[in-house]
Amino acid sequence: MTDKIQAYLQAGQMTVANLLLAHYAEIGMTDTEFVLFLQIDSYRQRGNVFPDLQVIAQSMGKSLDEVYLVLQAMIEKNLIMIEQVTNQDGKKQDRYNLDNVTDKLFGKIIQKQNIQEQATQVLTEKTLFMNLEKEFGRALSPIEFETVKTWIDDDNYSIELIMQALREAVLNQAYSLKYMDRILISWEKQNIKTIQDVKRMREMHEQRKANAKPQPSSQPNKAAAPRVPLYDWTD
1 MTDKIQAYLQ AGQMTVANLL LAHYAEIGMT DTEFVLFLQI DSYRQRGNVF
51 PDLQVIAQSM GKSLDEVYLV LQAMIEKNLI MIEQVTNQDG KKQDRYNLDN
101 VTDKLFGKII QKQNIQEQAT QVLTEKTLFM NLEKEFGRAL SPIEFETVKT
151 WIDDDNYSIE LIMQALREAV LNQAYSLKYM DRILISWEKQ NIKTIQDVKR
201 MREMHEQRKA NAKPQPSSQP NKAAAPRVPL YDWTD
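And the structure:
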């Protein structure tokens with residue numbers, strides 16, 4: 001038993017990226033091609049850049065001709081390349097280049113992320129238009145749709161910032177895109193790009209107002225009714 005454990009440990013281990021394990025089929029690699037890739041990569045990790053396919057065929061339980069066909073298919077799919085390099089002794093030798101697998105894998109992951117981001121963007125824009133029509137109490141005109149799309153696509157205002165401008169307009173009972181546009185332009189001039197920037201600027205404004213407020217007189221006054229602080233960003 002000890003000898004078996006020792007032999008197992010001496011055989012070593014190889015590293016396989018979890019991303020590749022989860023997505024190899026998405027880059028056009030069959031199960032058999034994936035096993036051949038792992039075989040070649042296992043030798044590469046041990047310093048053998050051009051292993052004997054006969055040995056690999058025996059490990060895979062296939063004939064040499066079958067493995068050659070699998071390798072040829074992988075070369076045609078641009079998954080593996082055979083290239084010549086100069087070894088440490090200055091001699092030319094062949095090696096398997098597996099970099100394209102990684103490139104295709106990352107390309108596929110980025111493509112999926114872009115599709116997801118585009119879907120999220122469409123959903124978020126739809127929510128924005130729905131909120132605008134809800135707060136305005138009417139459907140937007142084609143010109144108003146174009147105005148909002150210009151804010152997003154040309155002016156690069158984030159949807160969350162446009163939503164915040166809508167909230168500010170509603171608080172000031174100004175139900176129009178023109179008023180929102182003036183708010184957004186005002187924020188742009190003040191380098192306000194996020195909701196956090198809006199909150200920070202409002203706090204600074206309220207603090208300045210508090211500092212400039214005259215000291216209350218010693219004469220008793222009637223209790224003032226609580227008010228909602230409104231800040232007209234268009235001023």
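Counting from 1, one number per residue, gives the positions in the sequence shown under UniProt numbering. Every residue gets a Cβ at the ideal spot worked out from N, C-alpha and C, and that includes glycine. Computed from a predicted structure; not experimentally measured.
Does the Cβ of residue i have 16 or more other Cβ atoms within 10 Å, making it buried, or fewer, making it exposed?
| i | result |
| --- | --- |
| aspartate 181 | buried |
| alanine 225 | At alanine 225 the pLDDT is 40, less than 50, meaning the model places this residue with poor confidence; the figure from the coordinates comes in the next sentence. With fewer than 16 Cβ atoms within 10 Å of its Cβ, alanine 225 is classed as exposed. |
| isoleucine 110 | exposed |
| lysine 91 | exposed |
| glutamate 33 | buried |
| isoleucine 82 | exposed |
| residue 305 | Lying outside 1 to 235, the shown extent of the chain, residue 305 is not represented and no answer is given. |
| valine 85 | exposed |
| residue 274 | An answer regarding residue 274 cannot be provided, because it is not within the stretch 1 to 235 covered by the chain. |
| glutamate 146 | exposed |
| isoleucine 192 | buried |
| tyrosine 8 | Residue placement at tyrosine 8 is poorly supported in this model, since its pLDDT is 44, which falls under 50; the coordinates still yield a value, given next. Classification for tyrosine 8: exposed. |
| glutamate 168 | buried |
Looking at the unbroken beta strand (DSSP E) that takes in residue i, where does it start and where does it end?
| i | result |
| --- | --- |
| arginine 95 | 92–97 |
What first and last residue would you give for the alpha helix (DSSP H) that runs through residue i?
| i | result |
| --- | --- |
| methionine 180 | 177–189 |
| glutamate 168 | 159–171 |
| alanine 210 | 195–212 |
| isoleucine 152 | 142–153 |
Mind checking whether residue i and residue j have CB atoms under 8 Å apart?
| i | j | result |
| --- | --- | --- |
| methionine 60 | glutamine 39 | yes |
| leucine 128 | isoleucine 162 | yes |
| glutamine 164 | isoleucine 195 | yes |
| leucine 98 | histidine 23 | no |
| leucine 177 | glutamate 144 | yes |
| tyrosine 175 | phenylalanine 136 | yes |
| valine 67 | isoleucine 75 | no |
| glutamine 54 | leucine 69 | no |
| phenylalanine 50 | glutamine 93 | yes |
| lysine 77 | glutamate 26 | no |
| methionine 201 | glutamine 190 | yes |
| tryptophan 151 | leucine 184 | yes |
| asparagine 100 | leucine 79 | yes |
| leucine 71 | leucine 21 | no |
| leucine 166 | asparagine 131 | yes |
| isoleucine 159 | glutamate 125 | yes |
Quick one: complete alpha helix (DSSP H) runs, 4+ long, within the UniProt domain "DnaD N-terminal" (17–115)? Listed in chain order, they are 18–23, 31–45, 53–60, 64–76.
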